[in-house]
Amino acid sequence: MSFLLSEQHRMIQRLACDVAQKEIAPQAAQWDHTETFPKVVIQKLAALGLMGVCVPEVYGGSGLDHFSYVLALEEIAVACASTAAIMSVNNSLVCEPLKLFGNDVQKKTFLTPLARGEKLGCFCLSEPNAGSDAGNQQTVAVKKGDRFILSGTKNFITNGPQADIAIVFAVTDKAQKKKGVSAFIVDKHQKGVEVGKVEKKMGIKASGCCQLIFNEAEVSVQNLLGEEGQGLKIALRTLDSGRIGIGAQAVGIARAAFEAASAYAKERHQFGKAISEFQAIQWILADMATQIDAARLLVHRAAHLDDEGRSFTKEAAMAKLFASETAMKVTTDAVQVYGGYGYSKEYPVERFFRDAKITEIYEGTSEIQRLVIASQVLR
Ligand SMILES: Cc1cc2nc3c(=O)[nH]c(=O)nc-3n(C[C@H](O)[C@H](O)[C@H](O)COP(=O)(O)OP(=O)(O)OC[C@H]3O[C@@H](n4cnc5c(N)ncnc54)[C@H](O)[C@@H]3O)c2cc1C
């Protein structure tokens, strides 16, 4: 792993930075305020190949590596954490499992329009009683001839209100417990699939999030992803990669807060000098910069291991854990650097602070990341 970016990696970083700063950053506060899904910008990301970064070109993607993906995602998250969440679900949680476990027909039918951004995906694992304990699935899929009939409720589904295609996990054989869960590719617009409660969230307010209710939704056996009973394995493998993306999102949010706080510290004067001249403020900024760099290095290491086909479960969990806790710490400190103005919605750090929190929760809470890391280091 080199600390220097290749020309190809610099190009994708520049491409994402350009669209992020020109098209996304100027509107992010307004989307947050009005809770508006940034549809037009998602279409722009799609046109740039950013909705299917790691999908082979033959299936409509950009055919790039996971390292390129995290470089791009960090840039988008600097501008808008909501847009980064939408992008990361489509890339990491929907395209990735279809790429890894789908057959050729499924890839042509579902992966291609998702990677091109013609369709949007969502990932339906969490349920009212299956959050951290994802194996405790209550949604069932009963086989009837050449169909499965899906019934159950999925909770907190990012992109749920806007999505066209859902990856849904459901129990096909209760006796097999965790080995009795299967994964399905479901048309969200079909009969038997309804949008339930739409969440009012603390942060990432421009991304949609809702319950999805499956009421005897009929799914063809051809839409079974992987083998019957492989569902939980598919979910966990997907989350391993996804966590690297959440790490990149967290680094982006932290970077936005750091950049805002350091600029503000140079402008704001108290006691006749810029507050950046006070050592107390300098140390806060120095710690922020150090923690962000460390978080980014962990994210890059995990992405490299994924690209090299090496085991990366522990490294992905470490990257997500450290980066998300860094985002929370850095955004909290950024509010402090702004003083009372940091508490006001007129300044951006209040939004960064609210946006950071989700990175400690979704795709496995910090406690679950520690469980994953502990189980690996105690082997
Ligand atoms: C905005 C948002 C978007 C989301 N998007 C999606 C999505 O697109 N798809 C999807 O499937 N899910 C999604 N989720 C769900 C998310 O992944 C879960 O909320 C998360 O995994 C935690 O589950 P829970 O909320 O049920 O909390 P619980 O599992 O009930 O946890 C409550 C607390 O107990 C702790 N805890 C639980 N078990 C243990 C343990 N064994 N040891 C120590 N501590 C433990 C947790 O860390 C947490 O602090 C989203 C959630 C939110 C809020």
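To convert a position in the sequence shown, counted from 1, into my numbering, add 100. Just so it is clear, CB atoms sit at the ideal spot from N, CA and C, and this is done for glycine as well.
For V178 and A363, the rounded distance between their alpha carbons: In the sequence shown, the residue the question calls residue 363 occupies position 263. In the sequence shown, the residue the question calls residue 178 occupies position 78. Looking at the two C-alpha atoms, the distance is approximately 15 Å.
Rounded C-alpha distance that separates G163 from T413: Taking the sequence shown and counting its residues from 1, one reaches residue 163 at position 63. Taking the sequence shown and counting its residues from 1, one reaches residue 413 at position 313. Cα-Cα distance, rounded: 23 Å.
Residue range of the beta strand (DSSP E) that includes G331: On the sequence shown, residue 331 is found 231 positions in, with the first residue counted as 1. Segment G331 to E367 is the alpha helix (DSSP H) holding G331; no beta strand (DSSP E) there.
N-terminal and C-terminal residue of the beta strand (DSSP E) that K297 is part of: The count along the sequence shown starts at 1 and reaches residue 297 at position 197. Segment V293 to V298, the beta strand (DSSP E) holding K297.
Residues that G221 bridges to, as DSSP identifies them: The residue given as residue 221 occupies position 121 in the sequence shown. DSSP, once it has assigned bridges, lists I265 as partnering G221.
Given V140 as reference, the closest of R114, I186, Q206 and P156 once Cα atoms are compared: Residue 140 sits at position 40 when you count from the first residue of the sequence shown. Out of R114, I186, Q206 and P156, I186 has the C-alpha closest to the C-alpha of V140.
Whole-Å CB distance - M428 paired with A456, under 8 Å assumed: Here residue 428 refers to the residue found at position 328 of the sequence shown. Here residue 456 refers to the residue found at position 356 of the sequence shown. Their Cβ separation, rounded to whole angstroms, is 5 Å, which keeps M428 and A456 in contact under 8 Å.
Euclidean distance between Cα positions of V449 and V435: Along the sequence shown, read from residue 1 onward, the residue named residue 449 stands at position 349. Along the sequence shown, read from residue 1 onward, the residue named residue 435 stands at position 335. V449 and V435: Cα-Cα distance of roughly 6 Å.
Residue range of the alpha helix (DSSP H) that includes S188: Looking up residue 188 in the sequence shown gives position 88. Start and end: A181 to S188.
E135: CB within 6 Å of a non-hydrogen atom of ligand 1: Locating residue 135 in the sequence shown gives position 35, where the first residue counts as 1. Answer for E135: no, Cβ out of range of ligand 1.
Best match in I257, I344, G202 and R410 for proximity to K420 [C-alpha to C-alpha]: The residue given as residue 420 occupies position 320 in the sequence shown. When only C-alpha atoms are compared, the closest one is I344.
Rounded distance between the beta-carbons of L173 and S188, thought under 8 Å: Numbered from its first residue, the sequence shown carries residue 188 at position 88. Numbered from its first residue, the sequence shown carries residue 173 at position 73. Indeed, because the Cβ distance is near 6 Å, the residues count as touching under 8 Å.
Heavy atom of ligand 1 within 6 Å of M231 beta-carbon: As a position in the sequence shown, residue 231 is number 131, starting the count at 1. This sequence places Gly at residue 231; Met is not what is there. Because some heavy atom of ligand 1 lies under 6 Å away, the Cβ of G231 counts as near it: yes.
Residues bridged to L250 (per DSSP): Indexing the sequence shown from 1 puts residue 250 at position 150. L250 pairs with A241 and A317.
Inter-stretch contact (C-beta, 8 Å, three-pair minimum) for the stretch 114-125 and the stretch 134-148: yes
heavy atom of ligand 1 below 6 Å from S226 C-beta: By 1-based counting over the sequence shown, the position of residue 226 is 126. True, at least one ligand heavy atom lies under 6 Å from that Cβ.
Nearest residue (CA-CA) to L336, options K244, R401, I392 and F201: Residue mapping note: residue 336 aligns to position 236 of the sequence shown, counting from 1. It is F201 whose Cα lies nearest to the Cα of L336.
Inter-stretch contact (C-beta, 8 Å, three-pair minimum) for the stretch 324-332 and the stretch 265-279: yes
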